[in-house]
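Residue numbers (the working numbering): 4 to 280.
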């Protein structure tokens, strides 16, 4: 089923895919596959063609095909080839959850900047070209030994000054620039950001069941703070899963509240449980 045709979900339903996702994102960096993690994310929103419910076979086959066409083993060579193969961004895609689903992005060669960066990094890895995702606020880039690249805007080479200019076009001419914005980010941070994008998209669409699924997955990613449990609990409540919402909020209160008064969290949980009666 295409990633933009989404069957109903029950965010409280236990899933082997969720357990598998948690295992993948907790692996040590050399053994963690962004392609697998992102395919598992997509499988929570659209049933894939593989027996395990993912589209990982098609994702890896598509990435392998793209890698076979790379002639210049450099980041610039990888991105130039991807652009020639049709990879790039379209601002109109921002409103579609499919733009955050790797199977759809590999198939359509369109997606959000962070997904196009994942494609570039995964193709580079297959070509033994060093590359990493750069989590610049507002727009994700890719960095390699030969500089920066922006697959979304189909630019295979950027100087740090070019990235700063792009940042200020997004955030305003007076926005303070920090060179650390061009530091590579780890795979876990990439997955967490993808899931935050999805949660925001589903919240805007008032699809709170899928918002809760995205936030539930995000809470499993190493490095995501305990305060995210409050966002998950609120999304569960908006989806009508008041019992799970209350249980999640009570667990956060028991853990100290992550900066919020635990008694306030428990009172909210009580109000949600009252909705069950």
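Even for Gly, the Cβ is constructed at its ideal location relative to N, Cα and C.
Sub-8 Å separation of residue i and residue j beta-carbons
i	j	result
residue 105	residue 164	no
residue 224	residue 191	yes
residue 214	residue 195	no
residue 268	residue 256	yes
residue 47	residue 220	yes
residue 56	residue 20	yes
residue 27	residue 39	yes
residue 113	residue 88	no
residue 127	residue 144	no
residue 141	residue 173	yes
residue 108	residue 159	no
residue 129	residue 217	no
residue 37	residue 188	no
residue 119	residue 154	yes
For residue i, the nearest candidate out of the options (CA to CA)
i	options	result
residue 117	158, 54, 138 and 229	138
residue 110	132, 158, 153 and 60	60
residue 58	44, 100, 275 and 86	44
residue 74	90, 140, 132 and 278	132
residue 103	243, 198, 168 and 64	198
residue 270	259, 253 and 107	253
residue 90	23, 156 and 265	156
residue 279	182, 248, 18 and 148	248
residue 244	23, 272, 266 and 259	272
residue 275	263, 169, 25 and 251	251
residue 246	101, 212 and 277	277
Boundaries of the beta strand (DSSP E) in which residue i is found, first to last residue
i	result
residue 160	158–161
residue 2	With the chain represented from 4 up to 280, any question about residue 2 goes unanswered, as that position is not in the structure.
The alpha helix (DSSP H) enclosing residue i, as first and last residue numbers
i	result
residue 21	19–28
residue 68	59–71
residue 38	37–46
residue 125	116–129
residue 107	105–111
message: Check whether the stretch 120–132 and the stretch 67–86 are in contact - that is, three or more C-beta pairs closer than 8 Å.
response: Yes: the two stretches touch, three or more of their Cβ pairs being nearer than 8 Å.
- prompt: Which ranges does the alpha helix (DSSP H) cover as unbroken runs of at least 4 residues, wholly within the stretch 137–218, from first to last along the chain?
  reply: Here the runs fully enclosed are 163–174 and 190–207.
query: How about the stretch 228–240 and the stretch 177–193: do they share at least three Cβ pairs that are nearer than 8 Å?
result: Touching, no, given that fewer than three Cβ pairs across the two stretches are closer than 8 Å.
- request: Indicate whether the contact test is met: 3 or more Cβ pairs, each with one atom in the stretch 67–81 and one in the stretch 94–103, closer than 8 Å.
  value: No: the two stretches stay apart, fewer than three of their Cβ pairs being nearer than 8 Å.
query: In the stretch 220–279, which residue ranges form an unbroken alpha helix (DSSP H) of at least 4 residues, counting only runs that do not cross its ends?
result: Counting only runs of 4 or more, we get 231–241, 245–257 and 265–277.
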